[in-house]
Structures are given as C-alpha cells and as structure tokens.
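Structure, as structure tokens:
There are 2 protein chains.
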Amino acid sequence: MESSASKILERAIDEFALLPGVGRRTALKYALSIIKRGDSDVTRFINAVSALKSDLHSCRVCHNICDGDICEICSNNRRDKSTICVVENIKDILAIERTGQYRGVYHVLGGLLSPIDAIGPNDLNIVTLLARVHNEDIKEIIFALSATVEGDSTAFYISKKIGTNQNIKLSVIAKGIAVGNDLDYTDELTLGKSILNRTQFR
Amino acid sequence: MESSASKILERAIDEFALLPGVGRRTALKYALSIIKRGDSDVTRFINAVSALKSDLHSCRVCHNICDGDICEICSNNRRDKSTICVVENIKDILAIERTGQYRGVYHVLGGLLSPIDAIGPNDLNIVTLLARVHNEDIKEIIFALSATVEGDSTAFYISKKIGTNQNIKLSVIAKGIAVGNDLDYTDELTLGKSILNRTQFR
Chain A
317 MESSASKILE
327 RAIDEFALLP
337 GVGRRTALKY
347 ALSIIKRGDS
357 DVTRFINAVS
367 ALKSDLHSCR
377 VCHNICDGDI
387 CEICSNNRRD
397 KSTICVVENI
407 KDILAIERTG
417 QYRGVYHVLG
427 GLLSPIDAIG
437 PNDLNIVTLL
447 ARVHNEDIKE
457 IIFALSATVE
467 GDSTAFYISK
477 KIGTNQNIKL
487 SVIAKGIAVG
497 NDLDYTDELT
507 LGKSILNRTQ
517 FR
Chain B
317 MESSASKILE
327 RAIDEFALLP
337 GVGRRTALKY
347 ALSIIKRGDS
357 DVTRFINAVS
367 ALKSDLHSCR
377 VCHNICDGDI
387 CEICSNNRRD
397 KSTICVVENI
407 KDILAIERTG
417 QYRGVYHVLG
427 GLLSPIDAIG
437 PNDLNIVTLL
447 ARVHNEDIKE
457 IIFALSATVE
467 GDSTAFYISK
477 KIGTNQNIKL
487 SVIAKGIAVG
497 NDLDYTDELT
507 LGKSILNRTQ
517 FR
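One line per chain: the protein sequences are A and B, in this order. Counting from 1, position 7 in the first sequence corresponds to residue 323 in the working numbering; the numbering is continuous, with no gaps. Counting from 1, position 17 in the second sequence corresponds to residue 333 in the working numbering; the numbering is continuous, with no gaps.
Set out below in structure tokens:
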C-alpha cells in the first residue's frame, strides 16, 4: 500500500497489521475507526489491551488464564476435580466450555510435542500435570488434543509418563463425522474412524 | 459467547469487538495474540494506537490527517495547487492516491449532506473550501463523492455556493462500467451513464 502522508497513521497500521489475519487495508480501517472515536473510548481500549499483559495471570493449577492466582474453573466447587481434560491452549478451554457438556477441570499444555519445531516435553506444562496426577485423586484424564500427529504423539507421551500401575482412566475425545455434515463430504480417514468408533444406537 | 473465566480478557474482547467488522470470536483471537506477545511489542502497539489520538492533527488547509500543521500533499511543491479534489473522507484520499493518476490537492468534507442523519452544511468542511476558492487561484474543482443521492446533492450544494460568476471549472469523476467487468453484470443505471458519458475512441 502507498504511504498515507502520516508517519503516525503508518505506524498504527503496521501495528494493527500484526494482529492475526489482519492485512494492511483492514489495519487502516481499524486505525481510522480509532481516530474517529472519543478520547475516553480510546483510553478505555488502551487500558483493556495493556491489562492483558500487566494484570492477567496463569492459573497455578491448570495454566488457564485468570485474574488472580487460581482460575474460576479450578476454584469452582461444583466442578468435578477428579476429571482432567488435557488441552493444547486456552482457546480450547473456551471451545469446550461453550459446549456446556463438560463439568471437570482442565490442564493447558501450552503447545504440542513437535520435533520439527523443536518443542520437547520440557517446553510444555507436563511436569505440573504429572504432579496433579500423583498428588490429587484423579479418576480420568481426557485428551482433547488436535487430531494430528503432534496431538496423538503428545497424548501417547503423557500416557506413557502416567504409566499403567495407577487406577486412572485415560480417554481421548471421539473422532467422527461432524454433526450436520453429509457423509459425501467427510474424508475417508474421519469416516473410517467414525465407523470403528460407532456407538450403540438402541 | 460464554464468559471466559477472566474479567480482564472479557473486557479486552469487548474493546476489540468495537473495531469495525470485528465479532467476538475475532476479538478473542486478537486478545489472545496480544497475550502471547512480548511486553515491548505490546507497549509499541499501545503507543502507536494512543498516538493516533494524541499526535495526529488535521491539515489546516485540506483537513487531511497529518503529523504536523499542514499535510504532506498540501506542502508538496510538485502538486498542482490550482486543482482541488473534493472528497468525503481521508480513506478516499488514500484510494485516489493509490491510482497514481492525480497530481492536484484535496479537500476533505468530513461527510456528506444528509437530512435524514441531520447532517447539514455547517457539519461539513464547506466554509473552508469556499475560502480556498475565494482566496487562492483555483482553476478546477473535482467532486469525487459517492454516486449516491447524498453525494450528488452535496456536490450540487457546493457548486451553487461557488456560483457561476467565477472562472472555475467544476467536474465530477466519471461514472461507468468498472475496468474488467462484463456488460452483463453491470446494473442498468451505471450502463446508462457509461453510454451517455462515452468518450471518443479514435
């Protein structure tokens, strides 16, 4: 894009364009919308963004984001503390919470094992997960990781570390066709999984 | 969307969702990307945004945005100061500059006349435009406004104010079929305009 006759606008466009999925044209739209707003609105925007860095903490138990020391899910007495759902990142917690189908707690790994990207076990929150398994009364661990080589091998690595001598059920979320999807449009691997993992109908 | 277990994240999502065209899911994506960044990157982002309000000025001549008193286009000696292109907003200047076809200067109205939205002549930068017409040696005024009732009536109002006694050429940008477009897909009004405003081929 051309220079916009203003270094200040140019710099703001550069910064907005660093947001995920934002091109320079959208960044310009955002910058112009900021210019149009009142001073107090912009101050509120800036404070909210800077609070993300300064005031947000990582939950001491599950590594979810939280405002205090322990996140709302871990400190909620109505959640089932004996079931841990292992996820890659915070977004996955939000996605699962949206379903309203899960009443246990979580553990955020902060990534997946990936030799190509040089991400090893020590780069993930695995030690704290194993500590929870040993110190708390855990009945089930659900791996809700991406259906990729990285997700599968991360689940496999952790299950090996947990070992078989303990009385803990390990499970993974079901792979199958998406609700509302045509069989025609489902890829063979997924369709194969959905046949293998068929559930009783009646 | 559900509550995200963090008031701070929630507030940042609310703020990002105020950007034009941003829903709560995209706002969440933006907020998480900010959390992931380093402190200095976030500080740079915040400074760039706040500079939009604190350091950006409106050009004293044409109301374009600028870092100083007079914008780069108005202070550029190689621009033709006798031709003024009247536009609705700053985005239009950027769009016309991108074409590389215009070497004159601009005047930003800051809106269009619209009785429905209670926008009258005093809400727009019309007085300063008329002052330029009277005080400077202007040869041509080009109306590059939206092809809408508001755009047409704004151009009409300004042309009336300028009057006919002065030796100034008034023009509007051409309406016609878009370059690369099929005739089939062009609406009748535009196609009609493009026939009426045909230009000599050879």
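Where a beta carbon is used, it is the ideal one built from N, C-alpha and C, also for glycine. None of these values were measured; they are calculated from a predicted model.
B/A471, buried or exposed, once every other Cβ within 10 Å from all chains shown has been counted against 16: Its Cβ being crowded by 16 or more others within 10 Å, B/A471 is buried.
Contact list for A/P437 against chain B, beta-carbon separation under 9 Å: For A/P437, no chain B residue has a C-beta closer than 9 Å to its own C-beta; the minimum C-beta separation is roughly 21 Å.
Three or more C-beta pairs below 8 Å linking the region 330-344 of chain A and the region 356-370 of chain A: Contact between the region 330-344 of chain A and the region 356-370 of chain A is absent, because fewer than three Cβ pairs lie under 8 Å.
Among B/C378, B/E504, B/L428 and B/I412, nearest to B/L445 - alpha-carbon criterion: Per the Cα distances, B/C378.
Unbroken alpha helix (DSSP H) run spanning B/K345, endpoints: Taken as a continuous stretch (DSSP letters only), the alpha helix (DSSP H) holding B/K345 covers R340 to K352.
Start-end ranges of the beta strand (DSSP E) lying completely within the region 346-404 of chain A, minimum 3 residues: At a cut-off of 3 residues, the continuous stretches assigned as beta strand (DSSP E) that sit fully inside the region 346-404 of chain A are 396-403.
CA-to-CA distance, B/D439 to A/D408, given in whole angstroms: Looking at the two C-alpha atoms, the distance is approximately 48 Å.
6 Å Cβ shell around B/I381 - same chain, five flanking residues per side excluded: Same-chain partners within the cutoff: L372 and I406.
Where the region 368-396 of chain A meets chain B: residues whose CB sits under 8 Å from a CB there: Cβ contacts with chain B: L368, K369, D371, L372, N380, I381, C382, D383, C387, E388 and I389.
Cβ-based neighbour list, B/G426, same chain, cut-off 6 Å, excluding 5 preceding and 5 following: Around B/G426: L440 and N441.
B/I484 versus B/E456 - alpha carbon distance: So the two alpha carbons sit approximately 5 Å from each other.
Member of A/I351, A/K345, A/A411 and A/I489 whose CA lies at the smallest distance from the CA of A/F459: Of the candidates A/I351, A/K345, A/A411 and A/I489, A/I489 places its Cα closest to the Cα of A/F459.
Test: A/L428 CB closer than 8 Å to a CB of chain B: Judged by the 8 Å Cβ criterion, A/L428 is not in contact with chain B.
Beta-carbon proximity check, B/S349 vs B/E404, cutoff 8 Å: Their beta carbons are not under 8 Å apart, which means B/S349 does not touch B/E404 by this criterion.
Collapsed DSSP secondary structure at A/V449 in the structure displayed: The answer is helix: DSSP assigns A/V449 an H, G or I state.
Environment of B/H450 [buried if 16+ CB atoms lie within 10 Å]: Counting of Cβ neighbours within 10 angstroms places B/H450 among the exposed residues, the total staying below 16.
Where B/A411 falls, given that 16 or more other Cβ within 10 Å makes a residue buried: So B/A411 counts as exposed.
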